[in-house]
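> Can you keep this structure in mind? I'll have questions shortly.
Number of protein chains: 2
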Amino acid sequence: MNKKLVNTLRGLSVDMVEEANSGHPGAPLGMAPIVSALWLRHANHDATCPTWKNRDRLVLSAGHASAILYSVLHFAGYDYTVDDLKAFRTWGSKTPGHPAYNPHLGVEITTGPLGQGIANAVGMAIAETMLAARFNRPGYPVVDHRTYALCGDGCLMEGISYEAVSLAGTLKLNKLVVIYDDNEITIEGSTDIAFKENVPLRFKAAGWRVIPVEDGNDEQQVLAALKEAETSDLPTLIVCPTTIGYGSKRAGMAKSHGEPFGKEITLDLKQNLNLSNIPFDIDKSVYDEVRPLNLQRQAKRQTWEQMFEEYRKAFPELVKEWDSFHKQPKLEDLLLDEELFKANSAFEASRNSSGKVLNLLAKKLPNLVGGSADLGPSNKTSLDGMGSYSSENRLGRNLHFGVREHAMAAICNGMAAHGGLQVYCSTFLVFSDYMKNAVRMSAMMKLPVTYVFTHDSIGVGQDGETHQPVEQLTALRSTPGLKVYRPADRLETACAWIDALTGKQATALILSRQNLNNEYPTNKNGTFKGAYLVKENAQSQAVILASGSELELAMEAEKVLGDQGIHVNVVSVPCLETFLKQDKDYIQNVLPDNLRNRVSIEAGATMPWYRLVGLDGISIGIDHYGSSADAKQLFSEYGFTVERVVQAVKSLI
Amino acid sequence: MNKKLVNTLRGLSVDMVEEANSGHPGAPLGMAPIVSALWLRHANHDATCPTWKNRDRLVLSAGHASAILYSVLHFAGYDYTVDDLKAFRTWGSKTPGHPAYNPHLGVEITTGPLGQGIANAVGMAIAETMLAARFNRPGYPVVDHRTYALCGDGCLMEGISYEAVSLAGTLKLNKLVVIYDDNEITIEGSTDIAFKENVPLRFKAAGWRVIPVEDGNDEQQVLAALKEAETSDLPTLIVCPTTIGYGSKRAGMAKSHGEPFGKEITLDLKQNLNLSNIPFDIDKSVYDEVRPLNLQRQAKRQTWEQMFEEYRKAFPELVKEWDSFHKQPKLEDLLLDEELFKANSAFEASRNSSGKVLNLLAKKLPNLVGGSADLGPSNKTSLDGMGSYSSENRLGRNLHFGVREHAMAAICNGMAAHGGLQVYCSTFLVFSDYMKNAVRMSAMMKLPVTYVFTHDSIGVGQDGETHQPVEQLTALRSTPGLKVYRPADRLETACAWIDALTGKQATALILSRQNLNNEYPTNKNGTFKGAYLVKENAQSQAVILASGSELELAMEAEKVLGDQGIHVNVVSVPCLETFLKQDKDYIQNVLPDNLRNRVSIEAGATMPWYRLVGLDGISIGIDHYGSSADAKQLFSEYGFTVERVVQAVKSLI
């Protein structure tokens, strides 16, 4: 096989890093033959229709090697000009330092934080099996693609990769292929200093097939392994021994990983690889070589389109469903369903309200799937009668993620990025800590993943300080692009679910273990605005703000104060960030600027509330760890009492 | 072997859960023979001197099984009365729902968040090897103990456990023994639904020895395995097949995991196990059985004490060092060293300042050890000339954690809890997300672990949004008990390090990639108070607050405003939480209550700052994701400019 193409990819990657004077030349040099074999010669995708639903998915889990991805996408015909490549890592470019989710440009998911790409790929592979099981018919394999992840040692050292690999093995995701760029180098030196494990054996232990490639620098061998992987009934790891910084004076050295080579080493590399020493000077023959490959892939996609047209005729009802699977539901449609909002009892934990709302929604939305990190019975996230997803039942809608929070979130990102499904996942709020970065990635990519975090405070009770969240709400609320709802009752819980499923953002639902009071006059419009008056009194002297379980305290305090002739307003704040985005008039109406006697109540860190109560108000919260005791006692010991709220208000007026 | 003891442990554990009407009966019933064999018959420890430095360490990684731990510690003679056991999971008791760090009570580390215990144990085993290498002399094995971790399926599914196991294998920690309570049940059902991996093979892949026990319910077999483990030159996994809920009608059922049995099932269990049906009614014979075991262990400890007395005579200098290893350095001693504070250049990144301070401190403090999650060269946390810790060099002081942030933090917790060492670890600030819960555990336990988080903002530059922290500072600052420093220059960086090493808390140092200005009049006293005036003007009309890299902006804006006749104060805020704990007078002095024209500047989420700027101030920050571009351009594009600050101040006055 002509080496010109591979070496051109190498030269281009290094030119990009040099031009940016920033980036990672080492991995692209080592991985070039792999990426070329996989994405130019082997996989199914088509730059003329980048969002083709049955395309193979590519996840560059080792996101720092982005230069090779952009280079190969350029030759594959995606919308990257040489000028785009020159703009690598600069303001406003299409070619940021780490790949940023944009399927129209061939980037299936944002990567960079190591290990997550493998879990993303597992999610994409799960989505493929679910959609295939639902939509394929004999002779019409409308969903039939593979998912490829490229990873290095860093990804494989991260715990999330093991979590994802273990689940993928259990689920026998045979169309998932992970390609391991085995270069034996990490930033601090040889992998021997910290990573001596037997990687093939590890994958076998997890139920994977392992295909070793003798020389990862040989495109032909890589191609043969990719073909062999297609015959596997297990997920496959292809181990490709490579040389970081291949062809350069820094070959095999940690120093080649993350800094530009500089002129001298670059020129030497170009000479070694028989390339022009002019930056970005691409030999026309390389374009000639890739053109027929690109056309072949395009033809394959067109064949699929023809099949889909026949399928459309043969199964019009299925295609209607297919279309609905590929759209989010509409807010106005869901709002019409009064059953969603109606509480069945005066007192109910919001996790239970959520469970009921979720099950009602799941009946309406056949593409709503999800699960828990082994806490389904506690999170109330099981879909009744909708089966467990497994290697034997790809139609099951309940996912069992195991005790793997981080992988769970990243798998959901992969499923959401794949398209065709609405996904949610759940655990205790305190364990949002275990998955935080993947939640951040959902928010960053604006993927509509719904996180159900129950057991939202010291209301956890006897399990004690390790299980009682304090600062987690603050962490989530300060995460850009994440909507965080802490609903006070069934109605607000239903609104939160509806917003989560119809919005273009990731959403976290923060839910109680203990019962909440369903008898307050909460309302939909207010909930969607993030905060609103639940109790308004003429000539109020103060305002009490509360979320979730603490709305009850606020309402009770208002009564007691009223009996004493002190009038206060009560504001329910289900979604603080949303409220802050309302127009001035609305905010002024709910929280008049001159009404400075403000008390907030929330069983969590006080930090988020000073934005609303300011320097003159009081924030009742908990800025220390909890304890192991009955929840009611904890609320009382830690000052979440009507008396304390009343006293706080009085101290202000 | 008499089964009375083991069954009594079982009965007691179930009685505790029944009395509390809350807790986890299933695991204690299955694990009782293992815990009895290990902690009553096999391991070296002594309730009459619980903090004996050479005791074996026990980590109940499956912390929800706490009832069995308290039961066994009761019989081993630790300070738990039957009344303490009855007070299980109640307010103020010694027996919280999950074990809480208290070596005086035989609890070596707080557990509950799954998987972390295994990493804690790895840390303890590392500490043992380091201290042994340093202090043991022929004939005087003063440090020579084992570390045991008990874990279940949940722990083994968590990514952190793989990370820790992989590193332990690489490091050949042969005195580490993990005992796997293999009961094939998780909360959602059989482990088959999510966890089919071959656990023994997985550990072998990671370089461990695996000892299978045929029947984990047979104390004799468990004992034999524990003895065999002592001959290993690799870390050892003992696989014990057990039955969750053993002896009860819920044996083998997920339902036995996390809820009380109720009267009927409990009485039936008691009958099956031949126990009194009166709760907490302990047969005297059981105490008779354990008494000689406890005395044997006490005798072993006394033998060690005798050896240590001889060692003291033979190696007085070593014992002096030993004593210093087991104490934290004193604040006043470190403050005397002017070199720590003196900047070597006018402009220096705080990560570089930190690297210099750290290296100076490491020369003074021979028990200061630490490392990075494969970012040492970027975090500037390498100790020059102090060697790499490895299986061949236990005296090396640089730890190579690999790309394993979560395990790194939990390993540091284990090392700190072990005692004898001062530990730090490091990664990029954005990846604090990967390790958050373990950082929380440091803070909760008040372990003096130092976290070095560099690349603290959009100052990261070209690596882009995935690598640019935004909300991480907020998450850390809202974590109770964690001190978060974002120093503005070399002096503040030195103060932060000194506070971290001399304080009784976990500390995070948030450091810049880019250069900071070392020429402002920062000061030590102010830094230790968390915030202070760096520039005070008579009749100031406004105050600008800033931390870290943004102090420069504040100082420059002050100048520009001054030239326009507008006088403002500038407050440096290296540690916001510490400032808020100062007395009213101090706070009033720095931030007079009537000076409400306040502007804060920090290249991170604005949330923490409203506590200081209130409703009438302006917080300049970044509440969205960053971008891939040159850092200077990013600061400018996102409004971190002198002009913007000047304009903000003017808009207020």
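Residue numbers (our numbering), protein chains in the order written: chain C, 5 to 657; chain A, 5 to 657.
Ideal Cβ placement from N, Cα and C applies to all residues, glycine included.
First and last residue of the alpha helix (DSSP H) that includes aspartate 567 of chain C?
554-567 is the span of the alpha helix (DSSP H), which, as asked, contains aspartate 567 of chain C.
> Closer than 8 Å, CB to CB, is alanine 546 of chain A near chain C or not?
Chain C, which has no Cβ nearer than 8 Å to the Cβ of alanine 546 of chain A, makes this no.
> So glycine 173 of chain A is in the alpha helix (DSSP H); what residue range does that whole segment cover?
163-174 is the extent of the alpha helix (DSSP H) around glycine 173 of chain A.
> Say whether chain C places a C-beta atom closer than 8 Å to the C-beta of leucine 177 of chain A.
No - not a single Cβ of chain C is within 8 Å of the one on leucine 177 of chain A.
> Measuring CB to CB, does valine 653 of chain C end up less than 8 Å from isoleucine 624 of chain C?
No.
> Alpha carbon to alpha carbon, how far is threonine 470 of chain A from glycine 116 of chain C?
Approximately 6 Å between the Cα atoms of the pair.
> Buried or exposed: which applies to alanine 303 of chain A, given that a residue is buried once 16 or more other Cβ atoms fall within 10 Å of its Cβ?
The residue is exposed, with fewer than 16 neighbouring Cβ atoms inside 10 Å.
> Checking contacts by CB at 8 Å: is proline 216 of chain C closer than that to chain A?
Proline 216 of chain C does not count as touching chain A.
> Relative to the C-alpha of arginine 93 of chain C, which residue among C/His46, C/Tyr82, C/His28 and C/His108 is closest?
Per the Cα distances, C/His28.
> In chain A, what lies closer than 8 Å to tyrosine 614 of chain C by C-beta?
What tyrosine 614 of chain C touches in chain A: Tyr614, Arg615 and Gly618.
> Going by beta-carbon coordinates alone, are tyrosine 438 of chain C and leucine 513 of chain C separated by less than 8 Å?
No; because the gap between Cβ atoms is not below 8 Å, this pair is not in contact.
> Just the chain A side, please: which residues come within less than 7 Å of isoleucine 164 of chain C by C-beta, in chain order?
Result: Gly163.
> Mind checking if histidine 471 of chain A is an interface residue toward chain C, Cβ cutoff 8 Å exclusive?
Chain C, which has a Cβ nearer than 8 Å to the Cβ of histidine 471 of chain A, makes this yes.
> Does DSSP put isoleucine 622 of chain A in a helix, a strand or coil?
Strand, per DSSP.
> Taking the alpha-carbon positions, what's the alanine 24 of chain C to tyrosine 614 of chain A distance?
Going from the Cα of alanine 24 of chain C to the Cα of tyrosine 614 of chain A covers about 38 Å.
> So, helix, strand or coil for serine 97 of chain A, using DSSP?
Correct three-state label for serine 97 of chain A: coil.
> Closer than 7 Å by beta-carbon distance: list the chain C residues that pair up with valine 474 of chain A, in chain order.
Residues of chain C passing the Cβ test: Pro484.
> Counting only Cβ pairs nearer than 9 Å, list the residues of chain C close to glutamine 306 of chain A.
Chain C residues near glutamine 306 of chain A: none, gap ~35 Å exceeds 9 Å.
> Since tyrosine 144 of chain A sits in a beta bridge, which residues does DSSP pair it with?
According to DSSP, tyrosine 144 of chain A bridges with A/Arg141.
> Could you pull out every residue in the same chain whose Cβ sits closer than 7 Å to the Cβ of phenylalanine 532 of chain A, ignoring the five residues on either side in sequence?
Once the five neighbours on either side are set aside, the close Cβ partners of phenylalanine 532 of chain A are Cys499 and Asp503.
> Do you know how far the Cα of asparagine 371 of chain C is from the Cα of threonine 506 of chain C?
Cα to Cα, threonine 506 of chain C sits roughly 13 Å from asparagine 371 of chain C.
> For the region 388-401 of chain A against the region 420-429 of chain A, are there 3 or more C-beta pairs whose distance is under 8 Å?
The answer is no - the region 420-429 of chain A does not touch the region 388-401 of chain A, with fewer than three Cβ pairs under 8 Å.
> Sort A/Gly34, A/Thr52 and A/Ala129 by Cα distance to proline 107 of chain A and report the nearest one.
Cα-wise, what sits closest to proline 107 of chain A is A/Thr52.
> In the DSSP assignment, the beta strand (DSSP E) including glutamate 232 of chain C goes from what residue to what residue?
Careful: glutamate 232 of chain C lies outside any beta strand (DSSP E), inside the alpha helix (DSSP H) at 223-233.
> Can you name the start and end residues of the alpha helix (DSSP H) that cysteine 499 of chain A belongs to?
Unbroken alpha helix (DSSP H) run through cysteine 499 of chain A: 494-506.
> Suppose the cutoff is 6 Å on Cβ atoms and the five residues either side in sequence are ignored; what does the same chain contact list for isoleucine 622 of chain C look like?
So the list reads Val603 and Ala652, once near-sequence residues are dropped.
> Sort C/Arg305, C/Ile286, C/Asp285 and C/Gly566 by Cα distance to proline 145 of chain C and report the nearest one.
Ranking the options by Cα distance to proline 145 of chain C, first place goes to C/Arg305.
> Any C-beta of chain C within less than 8 Å: which residues of the region 421-443 of chain A qualify?
Of all residues in the region 421-443 of chain A, Val434, Phe435, Asp437, Tyr438, Lys440 and Asn441 have a Cβ within less than 8 Å of some Cβ in chain C.
> Between alanine 413 of chain C and chain A, is the shortest Cβ-Cβ distance under 8 Å, so that the two count as touching?
It does not: the Cβ of alanine 413 of chain C has no partner Cβ on chain A nearer than 8 Å.
> Could you give the residue range of the alpha helix (DSSP H) that holds histidine 261 of chain A?
Note, histidine 261 of chain A: premise wrong, no alpha helix (DSSP H); not H, not E.
> Please list, in chain order, all residues of the same chain as phenylalanine 583 of chain C whose beta carbon is under 6 Å from its beta carbon, the five residues on each side excluded.
These residues qualify, in order along the chain: Gly534 and Ala535.
> Quick one: give me the first and last residue of the alpha helix (DSSP H) that phenylalanine 351 of chain C is part of.
From DSSP, phenylalanine 351 of chain C is part of no alpha helix (DSSP H) but of the beta strand (DSSP E) over 351-353.
> Which stretch, first to last residue, makes up the alpha helix (DSSP H) that contains leucine 33 of chain A?
Looking at the DSSP string, the run of the alpha helix (DSSP H) that includes leucine 33 of chain A is 30-39.
> For asparagine 356 of chain A, which residues in the same chain have their Cβ closer than 7 Å to its Cβ, ignoring the five residues on either side in sequence?
Around asparagine 356 of chain A: Lys384.
> From serine 170 of chain A to asparagine 202 of chain C, what does the alpha carbon distance come to, in whole angstroms?
C-alpha separation (whole angstroms): 10 Å.
> If tyrosine 315 of chain C and isoleucine 462 of chain C are in contact, beta carbons under 8 Å, what's the gap, nearest whole angstrom?
No, tyrosine 315 of chain C and isoleucine 462 of chain C are not in contact; Cβ-Cβ is about 54 Å, not under 8 Å.
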